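Residue numbers (our numbering): 29 to 312.
Glycine included, C-beta positions come from ideal geometry on N, C-alpha and C.
On a predicted model such as this, the values are computed, not experimentally measured, just so you know.
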């Protein structure tokens, strides 16, 4: 059903109340016959849906929710073995939490980490990421998603970004830093992800399942928590005295200033300590 679903539901409800639901009826149909599930079929179906839904606004992210890539991601997250659930579509149940991943929130967070552009997170143009074909393909690369699950699979990166972000949501900050959290959260997320990726490449020597266990571990959570307090303080201190914080954090200059102020050595030191404790625990 491409269009008229709400109308049909309302009519059925009215007829049911009057005991007329069993009456025969005729419905005018327009049928589009498309090849069975492939990329071209998906693109064509999106064009049809967009053209026939002029009355109600449909967000680009709504149209992408049926993309075969998104359907595959839903299955891949289930395979992670930690109880992850991926929400492709908007619903009352689709709320972000540690193991509940929403498509729109994941897209924004992964995009800014991949592009090293936290200021884009402050701008918050989420729907643009689904409307712009190049940006969408960069976030949800079809070839990367189609591969079998392995150490370098893109879904591992998604889980990593998501876990960092969820930890940051629960960091207890002093009032002065909490005031800017809605902006600085993206800066600290990008900083932690960037440094963690570099550290992982250099120092982590276990398999991908152990990596998932590590980013879910209390040792990792405590380390990100402690380091982020320092990073949030840095992000607050770069705000110019004569500039409105929101306007400043939407600029590339804010990104440049912040990423040159945090310490890679400090991060590596505390992460090595967490990793050592984690390995000792799993080897017991």
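Return the CA-CA distance between residue i and residue j, expressed in angstroms with no decimal places.
i, j, result
"residue 150", "residue 211", "6 Å"
"residue 261", "residue 201", "9 Å"
"residue 103", "residue 141", "23 Å"
"residue 130", "residue 244", "18 Å"
"residue 213", "residue 60", "46 Å"
"residue 264", "residue 208", "7 Å"
"residue 41", "residue 246", "51 Å"
"residue 43", "residue 154", "41 Å"
"residue 29", "residue 37", "Any answer about residue 29 is weak, because its pLDDT of 48 lies below 50 and its placement is not dependable; what the coordinates show is given next. Using only the alpha carbons, I get a separation of about 12 Å."
"residue 73", "residue 95", "10 Å"
"residue 290", "residue 259", "7 Å"
"residue 187", "residue 282", "27 Å"
"residue 274", "residue 204", "15 Å"
"residue 165", "residue 91", "14 Å"
"residue 280", "residue 230", "28 Å"
"residue 269", "residue 252", "29 Å"
"residue 35", "residue 124", "31 Å"
"residue 175", "residue 183", "10 Å"
"residue 157", "residue 85", "17 Å"
"residue 300", "residue 224", "11 Å"
"residue 191", "residue 53", "52 Å"
Check each candidate in the options and name the one with the smallest Cα separation from residue i.
i, options, result
"residue 162", "218, 143, 214, 297", "143"
"residue 145", "183, 306, 113, 277", "277"
"residue 159", "175, 176, 136", "136"
"residue 310", "288, 224, 62, 239", "239"
"residue 306", "248, 128, 138", "248"
"residue 284", "110, 148, 132, 106", "148"
"residue 227", "250, 293, 36", "293"
"residue 55", "288, 62, 39", "39"
"residue 98", "134, 204, 304", "134"
"residue 132", "107, 304, 87", "87"
Who are residue i's beta bridge partners in DSSP?
i, result
"residue 115", "130"
"residue 125", "128"
Write down the C-beta distance between residue i and residue j rounded to the nearest angstrom, noting that I regard them as a contact closer than 8 Å.
i, j, result
"residue 298", "residue 241", "About 19 Å separates the two Cβ atoms, so there is no contact after all."
"residue 100", "residue 167", "Their Cβ separation, rounded to whole angstroms, is 14 Å, which puts residue 100 and residue 167 out of contact at 8 Å."
"residue 58", "residue 93", "Not quite, the Cβ-Cβ distance comes to about 23 Å (not below 8 Å), so this is no contact."
"residue 199", "residue 256", "5 Å"
"residue 171", "residue 138", "Actually they do not touch by this definition, with Cβ atoms about 16 Å apart."
"residue 105", "residue 118", "Rounded, the Cβ-Cβ distance is 17 Å, inconsistent with contact."
"residue 315", "residue 266", "With the chain running from 29 to 312 in the structure shown, residue 315 is simply not present."
"residue 127", "residue 111", "5 Å"
Should residue i be flagged as near chain B, meaning a C-beta pair shorter than 9 Å?
i, result
"residue 227", "In the structure shown, chain B does not exist; there is a single protein chain."
Determine contact between the segment 203-220 and the segment 187-195, defined as no fewer than three beta-carbon pairs at a distance below 8 Å. yes
Quick test of the definition: if touching needs 3 or more C-beta pairs under 8 Å, does the segment 226-238 touch the segment 178-192? yes
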